[in-house]
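Each remark here refers to the structure printed beneath this line.
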Amino acid sequence: MSRDPLALVRAHPGPGFEFSFDGEPVPALPGQSIAAALWASGRLSWRRTRRAGRPRGAFCGMGVCFDCLVVADGRPNVRACLARAVPGGTVATQEGTGHDGTN
Amino acid sequence: MTGPTEPAAADGGPVDLAVIGAGPAGLAAVNAAADLGLSCALLDAAALPGGQFYRQPATALRASRPQALHHGWRAFAGLGARLTVHRAAGTVRLFAGHHVWSVSGGAGAWELHVVDGADGRQGTDGQQGSTVRARAVLCATGAHERQLPFPGWTLPGVVGAGGAQAMLKAGLVLPGRRVVVAGSGPLLMAVAASLADAGAAVPLVAEASGYAGYARRPRTLAANPGKLVEGAAHAARLLRHGVTVRTRSAVVAAHGEDRVEAVTVARVDHDWRPLPGTERRVACDALAVGHGLLPQLELALELGCGVRALPDGSQALSVDAEQRTTVDGLWAAGETTGIGGVGLALIEGELAAFSIAAALGRPAPAGSRGRLRALARRRGRLRAFADLMAERHRPGPGWVDWLSSGTEVCRCEEVTAGAVREAVDDLGAGDLRTVKLLTRAGMGWCQGRMCGPAVARLAGGGDPAGTRPLSCPVPMGVLAADDGAP
């Protein structure tokens, strides 16, 4: 019995690539969202809330809840569950509003 | 059914029918309408058609057996093949990755205001706005998950059951290796079965309601053998994976520092009140949770569509026997008319298409009358099942006992249950809007989509219908450039 999602649907994606997350390389497959790649690497959180600074990650998985916001290539408030991971991209944990020095 | 969209068609001449939402209802409708000779536009925020139910793996993942994660894939494949033919013939134009943020005009001359961007960068610079004109509009905007808070539900690793399913179907990933599934509603069984098929250990499915209540409506069950087969198929998969399903049980707390490490499961009474002394801890590295689905109605409500109350406390669009809403020139199908599942959505979409075609001067050929009657009969049976489902999985009022005063209710604005209760008990807030003004609950990014059902219940109501002037974030430049906006 297949025991991972890729085997289950017999996926044969093209070559994987890496993007950087908070300075660390994260592997991704073509077509995966930033959130999917982060989940696959065992990471569940990539935002700190504006008031209490608590960790958050993907919750609704379909672009509705906005909990999964990241800073992608310098742009804050990007929904990681919708945005594609891109080779060589730079993704960072979003602190608060993602705009330095403000909340 | 991949391939590029045809954005050049935006800002062009009017089409006969614009279908908002490319899930089961929208796909069934657009194919049937095109078969009847209507020119159509099909708009969806996602990059690929299918909606949430038939969410496809990203094309580049090249899944050769996507049906392994889907129930009823063959129906979807058929719809996709027909769509491909209609697109090639130019009768259907697909606007994938296009979000309709507002609709204006009226019957015969609708204007759909659209922003592009399926990539999660909505509301940021560089997005393009455009307008699609249509003589008739079908609202097939689907549903999102109802969430009810409990201590620890904001911890990373606690994810929506539908969210876990969506991430699995689209990105072929799991939130963890040991995933508890909890909440209420038939979706939980499907999610648990998918997670287990994909390799996760699922130590427990906790369903807060019971399934025994279904047996008290033998006639509704007997009239819907397909639903029983579907339920039995999920149950068989769960059995094969050794997954335990406990009814009248709920996750009443999630534990961990920076990610979930365990949950507390308790037996609950008929009102979902935890029974003292029944709590036990279950170790896990993820929790997939959801308490049913809510119709997504923003666009229809902005146009003034009438709604009806459902047995589970939610609201859905009122439609007549031809799927017409109370607004002239606007039809609705699928989950927007009440959560009923994929089978009902497909039927409603097709029935709506026949009605729309007739209204635009293309009556159904005589040979299709038998099919229309059969569809209407099946719709009646499935609707009865949907009502039974809503009644059986109605959130019990005792869920509020899961809350502690420090439990965050509004995830965006970090508003606690204590603050909401203070607004209700001490400051006299008696509805969602007043609580929002006093506490900021529901004022954040998600516009109350996550906390609305909980806050409204704490204020003494049911699920809010979801009135919002814009259905998604829109850049100021697009708003400013749009003269036709409301």
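Protein chains in written order, with my numbering: chain A, 1 to 103; chain B, 104 to 589. No residue lacks a Cβ here, since even glycine has one placed at the ideal position from N, Cα and C.
Looking only at its chain, what residues have a beta carbon closer than 7 Å to the beta carbon of threonine 49 of chain A, apart from the 5 residues adjacent to it on each side? Arg56
When B:Val538, B:Ala285, B:Leu404 and B:Cys575 are compared against glycine 564 of chain B, the one with the closest alpha-carbon: Nearest C-alpha to glycine 564 of chain B: B:Val538.
Neighbourhood of aspartate 490 of chain B by C-beta, 8 Å cutoff - its chain only, sequence neighbours within 5 removed: Leu413, Pro414 and Gly441
Would you give the residue range spanned by the alpha helix (DSSP H) that arginine 51 of chain A belongs to? From DSSP, arginine 51 of chain A is part of no alpha helix (DSSP H); its letter is neither H nor E.
DSSP on histidine 496 of chain B, reduced to helix/strand/coil? coil
What runs of the beta strand (DSSP E), each 3 residues or longer, lie entirely inside the stretch 407-468 of chain B? Correct list: 410-412, 418-420 and 433-435.
Distance, leucine 120 of chain B Cα to glycine 211 of chain B Cα: 10 Å
Could you compute how far the alpha carbon of valine 410 of chain B sits from the alpha carbon of threonine 429 of chain B? 9 Å
May I ask which residues mark the beginning and end of the alpha helix (DSSP H) holding asparagine 77 of chain A? Unbroken run through asparagine 77 of chain A is the beta strand (DSSP E), 75-79; no alpha helix (DSSP H).
State whether the stretch 123-136 of chain B contacts the stretch 75-93 of chain A, with contact taken as three or more CB pairs (one from each stretch) at a distance under 8 Å. no
Contact between the stretch 336-349 of chain B and the stretch 460-477 of chain B (3+ Cβ pairs under 8 Å): no
Where alanine 391 of chain B falls: helix, strand or coil (DSSP): strand
Who are the Cβ neighbours of glycine 226 of chain B in its own chain at under 7 Å, not counting the five residues just before and after it? Its pLDDT being 49, under 50, glycine 226 of chain B is placed unreliably in this model, and the value from its coordinates should be taken loosely. If you ignore the 5 residues before and after glycine 226 of chain B, its C-beta comes within less than 7 Å of the C-beta of Pro576, Val577 and Pro578, all in its own chain and listed in chain order.
So, are the CB atoms of glutamine 159 of chain B and glycine 393 of chain B less than 9 Å apart? no
Would you say the stretch 266-278 of chain B touches the stretch 231-243 of chain B, given that touching needs at least three Cβ pairs under 8 Å? no
Backbone CA spacing between threonine 510 of chain B and alanine 325 of chain B [nearest angstrom]: 43 Å
Residues, ordered as in the chain, of the stretch 403-421 of chain B that lie near chain A by beta-carbon distance below 7 Å: none
Contact set for glycine 551 of chain B: own chain, Cβ-Cβ below 6 Å, skip 5 residues either direction: Gly545
Phenylalanine 179 of chain B: first and last residue of the uninterrupted alpha helix (DSSP H) it sits in: Run containing phenylalanine 179 of chain B: 176-192, per the alpha helix (DSSP H) assignment.
If valine 366 of chain B sits next to histidine 358 of chain B, beta carbons under 8 Å apart, how far is it from one beta carbon to the other, in whole angstroms? That pair is a contact at about 7 Å.
Counting along the chain, where does the beta strand (DSSP E) carrying histidine 373 of chain B start and finish? It is not in any beta strand (DSSP E) - histidine 373 of chain B carries neither H nor E in the DSSP assignment.
Rounded to the nearest angstrom, how far is the Cβ of leucine 535 of chain B from that of glycine 555 of chain B, given a contact under 8 Å? At roughly 6 Å, the Cβ-Cβ gap stays under 8 Å, so leucine 535 of chain B and glycine 555 of chain B are in contact.
For the stretch 160-171 of chain B, list every residue whose C-beta sits within 7 Å of some C-beta in chain A, in sequence order. Pro160, Ala161, Thr162, Ala163, Leu164, Arg165, Ala166, Ser167, Arg168, Pro169 and Ala171
When the cut-off is 9 Å and only beta carbons count, does glycine 226 of chain B lie next to chain A? Because glycine 226 of chain B sits at a pLDDT of 49, beneath the cut-off of 50, its placement in the model cannot be relied upon, and the following sentence gives the value as read from the coordinates. Yes - at least one Cβ of chain A is within 9 Å of the one on glycine 226 of chain B.
Could you tell me which residues DSSP puts in a beta bridge with isoleucine 34 of chain A? Residue pairing by DSSP leaves isoleucine 34 of chain A without any beta bridge partner.
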